[in-house]
Amino acid sequence: MSAQFDLGTSGRIIQAATEEGRRALVGYYPVGFPDVATSFDVMSVLAEGCDLIEIGMPYSDPVMDGPVIETAGTRALAAGVRTRDLFTAAEKLSERGASSVIMTYWNIIERYGVDAFARDLAAAGAAGVITPDLIPEEAEEWIAASEAHGLDRVFLVSPSSSDERIVSTVASCRGWLYATSVMGVTGVRARTSSAAPRLVSRIRDLCPEVPIGIGLGVSNGEQARETAEFADAVIVGSALLRTMLKSQDEGRPSDTTELAALVEDLAAGVRA
Amino acid sequence: MSRTEVTDLSARRPDERGHFGRFGGQFVPEALQSALAELNDALEAAWADEAFTTELDDLLRSYAGRPSLLTEAPRLSEHAGNARIVLKREDLNHTGSHKINNVLGQALLARRMGKKRLIAETGAGQHGVATATAAALLGMECCVYMGKVDTDRQALNVARMQLLGARVVAVGSGSQTLKDAMNEALRDWVSSVDTTHYLIGSASGPHPFPMMVRDFQRVISREARSQVLETYGRLPDAVAACVGGGSNAIGMFYEFIEDTDVALYGFEAGGSGIASGRHAATITSGEVGVLHGTRSFVLQDEDGQTVESHSVSAGLDYPGVGPEHAWLAESGRATYEPVDDPEAMEALQLLCRTEGILPAIESAHAVAGALRLGRHLAETDPDAEPLIVVCLSGRGDKDVNTAISWFGLDGTPDRTTGDNR
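For the record, the sequence lines run as chains A and B. Residue 149 in UniProt numbering is what sits at position 149 of the first sequence, and the numbering runs on without skipping anything. Residue 7 in UniProt numbering is what sits at position 7 of the second sequence, and the numbering runs on without skipping anything.
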């Protein structure tokens with residue numbers, strides 16, 4: 001079945017990086033932090049070095065996120081971020097030729113209306129959606145809506161996923177597969193996980209055609225380089241966000257200097 | 001009561017993947033899927049294993065103190081129209097609430113699965129105390145997550161858990177109540193699932209938790225049903241319970257669900273009143289959504305962000321509700337109504353003064369609801385003498401501090417005698 005894997009829009013972007021003899025860099029950033037307008041600017045900075053921007057939606061109950069993403073999300077919600085700001089963010093990235101996917105907890109989409117969300121997101125020019133708390137078994141409505149509006153569907157696998165679940169999850173994906181490298185929540189880790197290369201090698205044996213993005217824990221160019229040795233795409237989130245939390249805490253909330261340097265470091269890492 | 005009566009599992013609902021109609025399911029990260037599947041398999045094997053059911057029944061009897069009493073409340077009933085109110089005394093269980101029923105079951109199950117560590121979320125602290133108790137009994141490590149607002153208002157239960165050897169983590173994020181404690185426990189579990197069982201206390205969360213908690217709590221209605229039949233020679237006209245996440249209520253309702261002449265009433269926390277927006281009446285005024293791994297009614301804003309709930313009762317202060325209650329509400333089989341803070345506190349005081357029973361503030365919502373129901377029934381049918389069974393889910397010792405501030409008591413004696421005045 002992997003021979004027929006549909007790369008969609010975002011899978012092709014990852015594949016293009018591979019064809020250049022490097023790996024793709026995916027940068028996560030939540031819309032609305034420190035405020036909606038500044039988050040658009042931050043995403044533009046990310047687009048300088050990332051192949052794909054993962055636009056996060058802040059959520060009141062982020063059970064899969066560590067303290068960095070939770071803190072930023074709480075502040076973004078307090079500053080008034082709305083679901084519709086996702087579409088504006090995707091539109092702005094699209095205008096400057098950058099590609100994006102959305103990362104959101106499922107209730108946000110369900111509340112907006114599954115088909116309406118897919119419709120408005122496709123109109124805004126985003127490539128697809130990563131759904132971290134939606135497993136394919138619960139995704140009937142989402143699969144139909146994403147098909148109808150031509151959006152990629154990125155589901156997750158983890159080191160605890162059985163072979164059967166990896167195969168069935170990949171069968172429901174379009175675009176690429178998100179592999180969580182550790183059993184845990186999002187956040188910067190001192191060392192990248194040893195479970196990650198094992199998981200990737202299992203996926204490659206089972207489903208050789210699917211591009212694999214690795215997330216959870218990558219924080220600098222060196223770790224990006226290590227991860228790029230086995231994954232097709234390296235996903236970075238908390239480390240990027242941490243620079244902007246620091247900027248805010250130090251009273252210069254729109255200062256992206258440190259962020260830009262990190263993006264450059266990471267981009268070099270996936271090209272090493 | 002025989003062993004099989006405690007643990008018999010006929011009439012199973014939900015479907016294979018945990019759906020009660022359109023509610024329930026599993027909305028959790030893939031990382032937890034294998035743990036949930038393992039739990040589901042272990043649960044099925046345990047129910048089929050007589051050694052497990054025997055050990056659970058023995059503990060329920062000789063440790064928890066089951067069967068719990070059925071107590072008629074004649075002086076309370078004077079305030080309930082023509083109704084006779086009967087109390088199912090879960091407050092008399094070891095640790096002081098119904099929570100022990102589920103905790104003993106899940107802790108035994110966790111031990112069978114080779115887990116060494118139990119984690120739990122708690123609101124009022126009743127479930128945390130019960131979990132810490134079971135961990136001590138079975139020699140397991142225990143960590144309890146509790147919202148910071150709740151560790152402040154339920155300090156006594158924090159100390160109880162610590163005395164029992166548990167670690168208590170105050171959760172300072174979000175609304176700092178039960179939902180945030182659950183977030184933090186889920187985060188712990190996703191990182192520790194190999195060694196740890198997440199012992200959910202509410203009839204909520206991803207499948208198989210709502211079904212599992214219900215099946216460990218249904219002993220309440222199994223006993224109550226036969227006790228009422230034995231004492232009164234008939235089924236009750238109505239059964240009442242408080243509903244936060246819904247574990248005591250589903251336990252109290254379950255065996256009556258097919259007795260369609262028995263009305264089922266769930267009383268939610270109305271807080272400062274529905275109109276105020278400061279409440280925890282999820283079924284009354286929530287909308288369908290996904291929270292903590294399950295689809296049910298959720299208090300949420302128009303973007304799907306969870307809205308903070310409010311209640312004088314920490315145990316009911318939750319913006320979600322178990323999926324089986326959502327199904328019972330939508331199907332019309334059960335009726336859910338809010339009881340606001342003053343009404344609940346008034347019932348707490350009334351039960352103290354008329355029957356000498358100090359209920360948990362959670363349970364006082366059920367008492368208040370039953371009083372209201374009795375009065376309402378007296379208006380609609382003055383000749384009827386309805387029999388109402390109320391699940392008195394917990395005792396109120398933990399709530400004395402709240403009662404002190406609510407009623408303006410200050411611990412000053414009414415009079416001092418003797419020479420050293």
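Glycine included, C-beta positions come from ideal geometry on N, C-alpha and C.
Limits of the alpha helix (DSSP H) - the one that residue i falls within
i	result
B:Met345	341 to 355
A:Arg202	195 to 206
B:Asp180	178 to 192
A:Val45	36 to 49
residue 323 of chain A	Outside the displayed span of chain A (1 to 272) sits residue 323 of chain A, for which this structure offers no information.
A:Ile13	10 to 19
B:Ser68	It is not in any alpha helix (DSSP H) - B:Ser68 carries neither H nor E in the DSSP assignment.
B:Leu76	74 to 77
A:Arg119	114 to 124
residue 314 of chain A	The question about residue 314 of chain A has no answer, for chain A in this structure spans 1 to 272.
Beta-carbon spacing of residue i, residue j below 8 Å
i	j	result
B:Leu32	B:Val193	yes
residue 423 of chain B	B:Gly201	This structure gives no information on residue 423 of chain B, because the portion of chain B shown stretches from 1 to 421.
B:Glu362	B:Gly244	yes
B:Gly123	B:Tyr318	yes
B:Arg375	B:Ala73	no
B:Ala120	B:Thr133	no
A:Ser254	A:Asp152	no
A:Leu241	A:Tyr105	no
B:Val86	B:Val389	yes
B:Ala240	B:Leu373	yes
B:Leu371	B:Ala347	yes
B:Val28	B:Pro206	yes
A:Val129	A:Asp85	no
A:Val154	A:Gly184	no
B:Leu392	B:Pro208	no
B:Ala364	B:Leu351	yes
B:Thr282	B:Glu268	yes
A:Val263	A:Ala231	no
A:Met244	A:Pro34	yes
A:Arg225	A:Ala272	yes
Whole-Å CB distance - residue i paired with residue j, under 8 Å assumed
i	j	result
B:Asn82	B:Ala384	6 Å
A:Asp265	A:Gly237	Not really, about 15 Å apart at Cβ, beyond 8 Å.
B:Ala203	B:Gly369	Going by Cβ atoms, the distance from B:Ala203 to B:Gly369 rounds to 18 Å, so no, they are not a contact pair.
A:Gly213	A:Ala179	7 Å
B:Gly271	B:Ser311	5 Å
A:Ile108	A:Met43	With a Cβ gap of about 18 Å, A:Ile108 and A:Met43 do not count as contacting.
A:Gly215	A:Val188	Not a contact, Cβ separation roughly 12 Å.
B:Met161	B:Val168	5 Å
First through last residue of the beta strand (DSSP E) which encompasses residue i
i	result
B:Thr122	117 to 122
B:Arg222	Where B:Arg222 is concerned, there is no enclosing beta strand (DSSP E), although the alpha helix (DSSP H) it sits in stretches over 219 to 232.
B:Ala269	263 to 271
A:Tyr29	24 to 30
A:Met244	Run containing A:Met244: none in the beta strand (DSSP E); it sits in the alpha helix (DSSP H), 238 to 249.
B:Lys148	First-last for B:Lys148: 148 to 153, but that is the alpha helix (DSSP H), not the beta strand (DSSP E).
A:Arg153	152 to 154
Listed by chain order, chain B residues near residue i by CB distance under 7 Å
i	result
A:Leu177	The contacting residues do not exist; A:Leu177 stays about 11 Å from chain B at best.
A:Ser194	Ordered by position in chain B, no residue passes the 7 Å Cβ test against A:Ser194, which lies about 15 Å from the chain.
A:Pro132	Pro29
Contact list for residue i against chain A, beta-carbon separation under 8 Å
i	result
B:Asp303	Arg82, Thr83, Ile108, Arg111, Tyr112
B:Gln300	Asn107, Arg111
B:Gly289	Asn107, Glu110, Arg111
B:Asn183	Asp61, Pro62, Val63
Contacts that residue i makes with chain D (C-beta to C-beta distance below 9 Å)
i	result
A:Thr180	Chain labels in this structure do not include chain D; the protein chains are A and B.
Under 9 Å from the C-beta of residue i: neighbouring residues of chain A
i	result
B:Gln217	Near B:Gln217 there are no residues of chain A at all, since even the closest Cβ is about 24 Å away, more than 9 Å.
B:Gln26	Ile135, Glu137, Glu138
B:Gly174	Ser60, Asp61, Glu70, Thr74
B:Arg17	Glu137, Glu138
Partner residues on chain A for residue i, Cβ-Cβ distance less than 7 Å
i	result
B:Arg187	Val63, Val185
B:Lys116	Going along chain A, no residue has its Cβ under 7 Å from B:Lys116, so there is no contact; the nearest lies around 17 Å.
Neighbour list for residue i in chain B, Cβ cutoff strictly below 9 Å
i	result
A:Arg174	Within chain B, no residue comes near A:Arg174; the closest Cβ sits about 17 Å away, beyond 9 Å.
A:Arg252	The premise fails here: A:Arg252 is roughly 25 Å from chain B at the closest Cβ pair, so nothing lies under 9 Å.
Partners in chain B for residue i, counting only beta-carbon separations shorter than 8 Å
i	result
A:Leu77	Gln305
A:Val157	Glu30
For the region 170 to 188 of chain B against the region 140 to 157 of chain B, are there 3 or more C-beta pairs whose distance is under 8 Å? yes
When the Cβ atoms of the region 405 to 420 of chain B are set against those of the region 255 to 262 of chain B, are three or more pairs found closer than 8 Å? no
Evaluate contact between the region 17 to 25 of chain B and the region 292 to 304 of chain B, counting only Cβ atoms and requiring at least three cross-stretch pairs below 8 Å. yes
Evaluate contact between the region 116 to 127 of chain A and the region 91 to 98 of chain A, counting only Cβ atoms and requiring at least three cross-stretch pairs below 8 Å. yes
Sufficient close CB pairs (3 or more, under 8 Å) joining the region 20 to 39 of chain A to the region 47 to 62 of chain A: yes
Check whether the region 209 to 225 of chain B touches the region 57 to 73 of chain B, taking contact to mean three or more Cβ pairs, one atom from each stretch, closer than 8 Å. yes
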